[in-house]
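Note that this note's numbering gives residue 63 to position 27 of the sequence shown, counting from 1, and the numbers run on in steps of one.
The beta-carbon is built from N, C-alpha and C at its ideal position, and this holds for glycine as well.
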Amino acid sequence: MLPFSIDLKPGLPVSEQILFAVKRSVVAGQMRPGDKFPSVRALSQELKINPNTAHKVIAALVEQGVLLTTPAVGSIVGGPVAGGPRERAELLGGDLERIVVEARKLGLSLDEIQSGVAAQWRRLGGRQTGEHSK
């Protein structure tokens with residue numbers, strides 16, 4: 037079983053979806069520094085993806101400092117992902133871009149987009165502006 041959750045969707049690069057899911061899991065505290073990360077083989081078998089894609093994902097996570105590789109142990113979770121709020125918000129960059137593109141196609145204004153995001157935030161029990169997690 038994988039230490040992160042993911043529901044692969046068509047139309048988006050698989051490697052990007054996995055990278056996002058892993059980073060989200062680390063930021064959310066589901067995976068902590070020192071936790072073992074699946075091998076290329078385990079990742080490819082569990083997600084039913086090409087081993088080359090799994091290798092690409094792990095290499096990118098190592099390059100970004102999310103994972104550390106150690107001899108005889110394998111890959112483990114490194115430090116926190118991009119510690120500050122700005123860096124954590126950047127994890128949403130691609131998703132936000134897709135939302136903005138779709139909203140513009142539909143002719144929505146910035147106020148309508150913000151209102152829609154705020155409504156979803158409240159619906160899912162999000163904290164109000166100015167509240168921070170500890």
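Residues that DSSP places opposite residue i in a beta bridge
{"i": "Lys-72", "result": "Ile-112"}
{"i": "Leu-183", "result": "Here the chain comprises residues numbered 37 to 170, so residue 183 is not present and cannot be evaluated."}
Exposure label - residue i; buried when at least 16 CB within 10 Å
{"i": "Pro-187", "result": "Past the boundaries of the shown model lies residue 187; the chain is included only from 37 to 170, so the question cannot be answered."}
{"i": "Met-67", "result": "buried"}
{"i": "Leu-97", "result": "buried"}
{"i": "Leu-44", "result": "exposed"}
{"i": "Ser-145", "result": "exposed"}
{"i": "Ser-151", "result": "exposed"}
Whole-number beta carbon distance between residue j and residue i, since they are thought to touch under 8 Å
{"i": "Ala-57", "j": "Ser-75", "result": "The pair is not a contact, with the Cβ atoms about 17 Å apart (cut-off 8 Å)."}
{"i": "Ser-61", "j": "Pro-87", "result": "Actually they are not in contact, since the Cβ atoms of Ser-61 and Pro-87 sit about 21 Å apart, beyond 8 Å."}
Neighbourhood of residue i by C-beta distance below 6 Å, restricted to the same chain and skipping five residues each side
{"i": "Ser-51", "result": "Thr-89, Lys-92, Val-93"}
{"i": "Ala-139", "result": "Ile-149"}
Bounding residues of the alpha helix (DSSP H) (the contiguous stretch that carries residue i)
{"i": "Lys-45", "result": "Where Lys-45 is concerned, there is no enclosing alpha helix (DSSP H), given that its DSSP letter is neither H nor E."}
{"i": "Gly-65", "result": "Element bounds for Gly-65: n/a, residue is neither H nor E."}
{"i": "Lys-84", "result": "Note, Lys-84: premise wrong, no alpha helix (DSSP H); not H, not E."}
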